[in-house]
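Peer 1: Residues 0 to 203, numbered by numbering that gives the first Met the number 0, are exactly what the sequence shown covers, in order.
Beta carbons are placed, not taken as given, at the ideal position from N, Cα and C, and that holds for glycine.
Please read these numbers as outputs of a predicted model, since none were measured by experiment.
Attaching a single structure in structure tokens format; questions to follow.
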Amino acid sequence: MLVLDHIVVAGLTRQVATDFVQESLGVAPLAEGGHPYFGTHNHLWGMGTECYLESIAIDPHASTPSHARWFGLDDFSGPPRIVSWVLSTADINVTLEHLGPDFGVPVRLERSKYHWDISVSDSGALPFGGFGPALIQWQPPEHPCRDLSDSGCRLLKLQVQHPQASSMQNMFGHLLKDARVSFSDGPGHIFAEIQTDHGVVTLE
């Protein structure tokens, strides 16, 4: 089974991505960090016990990696927006074998007490033209949601719009039992409806 782990918002800079999320949610980020392997840095918002929101961008002070950055960030341009949704799995190797080579291979990372494997393709691009999910396997018991303060925000709905929505539904429908996640036909786009203290907002 797969579980929605977190949603990723990218920007040309971390500040741009973070401002976009903070202005939408009305909540300042609750944690920050860096990823030397990919040359990126982020901010985080807790959204309950199992899901969080991440803003991310290339870190201008980090060394440029010799490999592609995750979430297609090497090719990112334009305004801040949702670039990925990440599903957690108990066995990333088995899951990737089932889903196929377009989803990449596991890359092992660590930061402080956190250790995880995440799927990344050779190009850094995500499947389904950038609208499919990344896969992640956390090494228990540590997970960011255990340590993040609660932002008071809750994900209500994640809608993935794509010309191959039916293929995505067939691929994930039996693995992801989450009524919040839906697929619809149309040009590639990802929408997240989030309950905040000032009402429901839509990130996209």
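#1: For a quick check, are the C-beta atoms of tyrosine 36 and leucine 108 less than 7 Å apart?
#2: I think valine 8 touches valine 85, with their Cβ atoms under 8 Å apart; what is that distance to the nearest whole Å?
#3: With glycine 45 and aspartate 149 assumed to form a contact (beta carbons below 8 Å), what rounded beta-carbon distance in angstroms separates them?
#4: Who are the Cβ neighbours of leucine 98 in its own chain at under 6 Å, not counting the five residues just before and after it?
#5: Which two residues bound the contiguous beta strand (DSSP E) that contains leucine 155?
#6: Among Arg68, Pro132, Ala61, which residue has its Cα nearest to the Cα of glutamine 160?
#7: In chain order, what residues of the same chain lie with their CB nearer than 8 Å to the CB of leucine 95, ignoring the 5 residues before and after it?
#8: For aspartate 4 and proline 186, I'd like the C-alpha separation in whole angstroms.
#9: Can you list, in chain order, the residues of its chain with a C-beta nearer than 7 Å to that of proline 64? Leave out the 5 residues immediately preceding and following it.
#10: Write down every uninterrupted run of the alpha helix (DSSP H) in the region 94 to 159 whose length is 4 residues or greater and which is fully enclosed by it, in chain order.
#11: With a CB to CB cut of under 6 Å and the five nearest residues on each side skipped, what residues in its chain are close to leucine 155?
#12: Counting along the chain, where does the beta strand (DSSP E) carrying threonine 201 start and finish?
#13: On the premise that leucine 147 lies in contact with leucine 29, defined as a C-beta separation below 8 Å, what is that separation, rounded to the nearest angstrom?
#14: Can you give me the Cβ contacts of arginine 179 inside the same chain, cut-off strictly under 8 Å, excluding the 5 residues immediately before and after it?
#15: Mind checking threonine 88: buried by the 16 CB within 10 Å criterion, or exposed?
#16: Less than 7 Å between the beta carbons of glycine 47 and glycine 123, yes or no?
#17: By how many angstroms is the C-alpha of threonine 17 removed from the C-alpha of serine 23?
#18: Do leucine 1 and leucine 175 come within 7 Å of each other at the CB atom, strictly closer than that value?
#19: So what does DSSP say about arginine 80, is it helix, strand or coil?
Peer 2: Considering the structure as presented:
#1: Closer than 7 Å, so yes.
#2: The beta carbons of valine 8 and valine 85 sit about 12 Å from each other, so the pair does not count as a contact at 8 Å.
#3: Yes, they are in contact, since the Cβ atoms of glycine 45 and aspartate 149 sit about 5 Å apart, within 8 Å.
#4: Listed in chain order, the non-local C-beta contacts of leucine 98 below 6 Å within the same chain number zero, local neighbours out to five positions each way being set aside.
#5: Counted as a single uninterrupted DSSP element, the beta strand (DSSP E) harbouring leucine 155 occupies residues 153 to 160.
#6: With distances taken between CA atoms, glutamine 160 lies nearest to Pro132 out of Arg68, Pro132, Ala61.
#7: Taken in chain order, the residues that qualify are Phe102, Gly103, Val104, Pro105, Ser118, Leu134.
#8: When rounded, the distance between both Cα atoms is 24 Å.
#9: For proline 64, where only same-chain residues beyond five positions count, the Cβ hits under 7 Å are Tyr36, Phe37, Gly38.
#10: Within the region 94 to 159, the complete alpha helix (DSSP H) runs of at least 4 residues are 126 to 129, 143 to 146.
#11: Around leucine 155: Glu192, Gln194.
#12: Under the DSSP assignment, threonine 201 falls in the beta strand (DSSP E) whose first and last residues are 198 to 202.
#13: Indeed, because the Cβ distance is near 5 Å, the residues count as touching under 8 Å.
#14: Shown here for arginine 179: same chain residues with a beta carbon closer than 8 Å to its own, the five before and five after excluded, namely Leu3, Leu154, Leu155, Lys156, Leu157 in chain order.
#15: Result: buried.
#16: For glycine 47 and glycine 123, no; Cβs fall outside 7 Å.
#17: Each residue's alpha carbon lies about 10 Å from the other.
#18: It is a contact, given that the beta carbons lie within the stated cut-off.
#19: Three-state DSSP puts arginine 80 in a strand.
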